[in-house]
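Participant: Structure below; questions to follow.
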Amino acid sequence: MILKNKTLRQALMASIITFAIALSSLKALPAQPLVGAGAVLANNLYQRYISAYQQETGNEVRYDSMDGRKALDKFVEGAVDFAISDLPPTREEVSQIQQKEGMFILPIAGLPIAVIYNLREESAPVSLSRENLVKIFTGKVSSWNQVDPNLPTTDIKVVVRSDRSSANYTLTNYLSAITNGKIETKLFPDWGFDVFSSVTDASRVTGEVRRTDGAIGYVGAIMARGSSLPIAKIQNKSGEYLLPGLPNVIKALNNHRFNEDFTLSSEESPEGYPLTTPIFILLRKQYSSPEKAQDIKEMIDWILTKGQELNQEVQLARIPEETAQRAIQVAKTNISASQ
1 MILKNKTLRQ ALMASIITFA IALSSLKALP AQPLVGAGAV LANNLYQRYI SAYQQETGNE
61 VRYDSMDGRK ALDKFVEGAV DFAISDLPPT REEVSQIQQK EGMFILPIAG LPIAVIYNLR
121 EESAPVSLSR ENLVKIFTGK VSSWNQVDPN LPTTDIKVVV RSDRSSANYT LTNYLSAITN
181 GKIETKLFPD WGFDVFSSVT DASRVTGEVR RTDGAIGYVG AIMARGSSLP IAKIQNKSGE
241 YLLPGLPNVI KALNNHRFNE DFTLSSEESP EGYPLTTPIF ILLRKQYSSP EKAQDIKEMI
301 DWILTKGQEL NQEVQLARIP EETAQRAIQV AKTNISASQ
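Under my numbering, think of the first position of the sequence shown as 1, with each following residue one higher.
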């Protein structure tokens with residue numbers, strides 16, 4: 001009997017030790033890195049975020065830059081924890097994710113869209129009124145001297161994006177505001193006339209404009225500056241003619257109303273550079289573990305506070321303080337671990 005009890009005690013102790021070792025090994029497992037994907041346009045910004053965030057917190061984040069459409073697909077499929085996009089998701093994309101974990105978007109930076117042109121006979125900078133911008137992109141004017149009598153008689157050759165892009169969305173959104181909705185805000189606009197060229201990818205827009213005398217197109221301001229093509233001044237609602245410099249973009253965001261879901265309202269900002277759009281981070285409402293949910297919350301808090309100081313380094317605008325604080329609260333309230 002004594003031997004039997006001793007054997008039982010030994011077996012029990014062995015089980016306890018085995019359990020303790022197993023528990024210890026579980027605790028020793030390294031935290032799983034957060035994984036994200038996003039549009040090439042936002043790559044410089046997010047790589048800068050990751051470098052500073054990992055150095056400061058020790059939390060690992062992996063991020064792949066790719067076509068914006070592919071990044072959204074990966075997020076919808078659940079292959080990544082977050083996605084960066086220069087466009088809000090479509091209703092169909094939201095519906096797909098809402099059926100699973102739910103989703104929401106938060107703004108993290110402001111991006112200006114520049115109007116580029118090529119007039120070989122004209123060295124003076126071109127300024128485009130609101131009315132002339134509408135006329136150019138609806139085919140109502142055919143030569144540059146119709147825009148301004150001082151400009152050459154060169155034919156206007158409009159170059160547009162044929163693919164899904166924030167440039168399409170931002171330009172048509174502004175044209176819609178100017179025309180009281182007569183022009184629709186669209187990812188794939190129907191321009192209503194025969195444009196000179198319709199191409200995929202912003203680099204092809206700059207290439208086409210560079211090759212073609214009289215051409216006009218639109219791309220992200222960072223790419224526009226890198227192309228060395230002239231950039232037109234655009235008239236805002238207050239009547240100012242502005243270039244897409246950071247102070248003008250920040251002023252536009254500060255004077256623009258964000259909707260409850262953090263998309264920009266269709267109302268036109270009265271001040272600042274008018275062709276301005278947010279860059280968004282797409283998040284789930286439910287993550288696979290409490291640890292991952294907490295890691296996401298901490299990352300968002302950092303991006304919308306300390307991270308905002310880095311936006312200017314990559315020529316992007318910071319989000320208004322009030323909007324950033326509201327976004328942090330939305331993240332804290334909405335993100336949790338799945339049951």
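Backbone N, C-alpha and C fix where the C-beta goes; we use that ideal spot for every residue, glycine too.
Taking just the CA atoms, how far does S165 sit from E267?
Facilitator: C-alpha of E267 to C-alpha of S165: approximately 21 angstroms in a straight line.
Participant: Let's test the definition: count the other Cβ atoms within 10 Å of the Cβ of F137 and tell me whether it reaches 16, buried, or not, exposed.
Facilitator: buried
Participant: Which residues in the same chain as N334 place their Cβ atom closer than 7 angstroms to its Cβ, once the five residues preceding and following it in sequence are excluded?
Facilitator: F104 and K285, listed in sequence order.
Participant: Please give me, in chain order, every unbroken run of the beta strand (DSSP E) with length at least 3 that falls completely inside the region 245 to 314.
Facilitator: 276 to 284
Participant: Quick check on the DSSP output: what are the complete beta strand (DSSP E) runs of length 3 or more inside the region 125 to 180, in order along the chain?
Facilitator: 157 to 161
Participant: For H256, which residues in the same chain have their Cβ closer than 6 angstroms to its Cβ, ignoring the five residues on either side in sequence?
Facilitator: L264 and S269
Participant: Going by alpha carbons, who is nearest to D73 out of V249, D86, E291 and G38?
Facilitator: Checking every option, the nearest Cα to that of D73 belongs to G38.
Participant: May I have a chain-ordered list of the alpha helix (DSSP H) segments no shorter than 4 residues that lie completely inside the region 36 to 108?
Facilitator: Complete alpha helix (DSSP H) runs here, min 4: 43 to 57, 68 to 77 and 91 to 98.
Participant: Taking only three categories from DSSP, how would you classify G239?
Facilitator: coil
Participant: Look at the alpha carbon of D213 and the alpha carbon of E77, and state the distance between them as a whole number of angstroms.
Facilitator: 44 angstroms
Participant: Starting from S228 and walking both ways along the alpha helix (DSSP H), at which residues does that stretch end?
Facilitator: That residue, S228, is in no alpha helix (DSSP H); it is neither H nor E in DSSP.
Participant: Can you give me the C-alpha to C-alpha distance between Y117 and S198, rounded to a whole angstrom?
Facilitator: 15 angstroms
Participant: Alpha carbon to alpha carbon, how far is Q55 from D301?
Facilitator: 16 angstroms
Participant: Closest by CA to S338, which one among N311, Q47 and Q294?
Facilitator: Q294
Participant: For T305, count neighbouring Cβ atoms within 10 angstroms of its own Cβ and tell me buried if that reaches 16, exposed if not.
Facilitator: exposed
Participant: Taking L87 as the reference, which of G220, N180 and V330 has the closest Cα?
Facilitator: G220
Participant: Throw me the rounded Cβ distance for the E271 and N311 pair, which I believe falls under 8 angstroms.
Facilitator: About 20 angstroms separates the two Cβ atoms, so there is no contact after all.
Participant: Using only the alpha-carbon positions, how far apart do V160 and E240 sit?
Facilitator: 25 angstroms
Participant: Just how far apart, CA to CA, sit D201 and Y53?
Facilitator: Going by the C-alpha atoms only, they are around 31 angstroms apart.
Participant: Mind checking N180: buried by the 16 CB within 10 Å criterion, or exposed?
Facilitator: By the neighbour-count criterion, in which a residue is buried when 16 or more other Cβ atoms sit within 10 angstroms of its Cβ, N180 is exposed.
Participant: Between the C-alpha atoms of S203 and I231, what's the straight-line distance to the nearest angstrom?
Facilitator: 15 angstroms
Participant: Take the Cβ of Q315 as the centre, count every other Cβ of all protein chains shown within 10 Å, and call the residue buried at 16 or more, exposed below.
Facilitator: By the 10 Å Cβ count, Q315 comes out buried.
Participant: Over what stretch of residues does the alpha helix (DSSP H) that includes S203 continue unbroken?
Facilitator: A202 to R211
Participant: Just to confirm, are K251 and L243 a CB contact at a threshold of 9 angstroms?
Facilitator: No.
Participant: Roughly how many angstroms lie between the CA atoms of R225 and P274, to the nearest whole one?
Facilitator: 18 angstroms
Participant: Using DSSP's beta-bridge definition, name the partner residues of S197.
Facilitator: V159.
Participant: Check S24 in the structure and name its three-state DSSP category.
Facilitator: Confidence at S24 is low in this model, with a pLDDT of 46, below 50, so the placement of that residue should be treated as unreliable; the coordinate-derived value is given next. Looking at S24 - three-state DSSP - the assignment turns out to be helix.
Participant: Where DSSP assigns a beta bridge to S336, which residues make up the other side?
Facilitator: Paired residue(s): Q286.
Participant: Using 10 angstroms around the beta-carbon of Q308, count the other beta-carbons present and answer buried if the total reaches 16, otherwise exposed.
Facilitator: buried
Participant: Which residues bound the beta strand (DSSP E) around I216?
Facilitator: A215 to G220
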